[in-house]
Amino acid sequence: MGSFFYVMAIMGCADGSAQCSEARVEQVRYTSIQQCQAAMPGALQRNSDIDYPVVTAACRANGAQMAQAEQGKRRG
Numbered sequence: 179m180g181s182f183f184y185v186m187a188i189m190g191c192a193d194g195s196a197q198c199s200e201a202r203v204e205q206v207r208y209t210s211i212q213q214c215q216a217a218m219p220g221a222l223q224r225n226s227d228i229d230y231p232v233v234t235a236a237c238r239a240n241g242a243q244m245a246q247a248e249q250g251k252r253r254g
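For my numbering, count along the sequence shown from 1 and bump the result up by 178.
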């Protein structure tokens, strides 16, 4: 099994949190979704300079296991 971690994407959204797009990805890697979610308030403060009406964050899984899973889906 390869390494598996979470990263936090900083999202910029139109009014009403609709039509969001990824603006940045934090460089920090988290070992659990809970650690990533707990770090969101600080990450949002650090990224308040993004020019969108609404700025939010989302944690997503990343790493070798995710790449292997995607490869398996394409083969099947």
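All residues carry an ideal CB built from backbone N, CA and C; glycine is no exception.
This structure is a prediction, so every number in the text was calculated from the model and none was measured.
In terms of alpha-carbon separation, which member of the options lies closest to residue i?
{"i": "residue 216", "options": "226, 241 and 236", "result": "236"}
{"i": "residue 228", "options": "183, 210 and 189", "result": "189"}
{"i": "residue 183", "options": "198, 213 and 201", "result": "213"}
{"i": "residue 198", "options": "218, 187 and 223", "result": "187"}
With which residues is residue i paired in a DSSP beta bridge?
{"i": "residue 199", "result": "190"}
{"i": "residue 185", "result": "238"}
Between which two residues does the beta strand (DSSP E) holding residue i run?
{"i": "residue 238", "result": "232-241"}
Taking residue i as part of the alpha helix (DSSP H), name the residues at either end of that continuous run.
{"i": "residue 156", "result": "Nothing about residue 156 can be read from this structure; the chain reaches only from 179 to 254."}
task = Spell out a yes or no on whether the stretch 187-206 and the stretch 223-232 are touching, meaning 3 or more CB-CB pairs, one atom from each, closer than 8 Å.
result = Counting C-beta pairs closer than 8 Å gives three or more between the stretch 187-206 and the stretch 223-232, which meets the contact rule.
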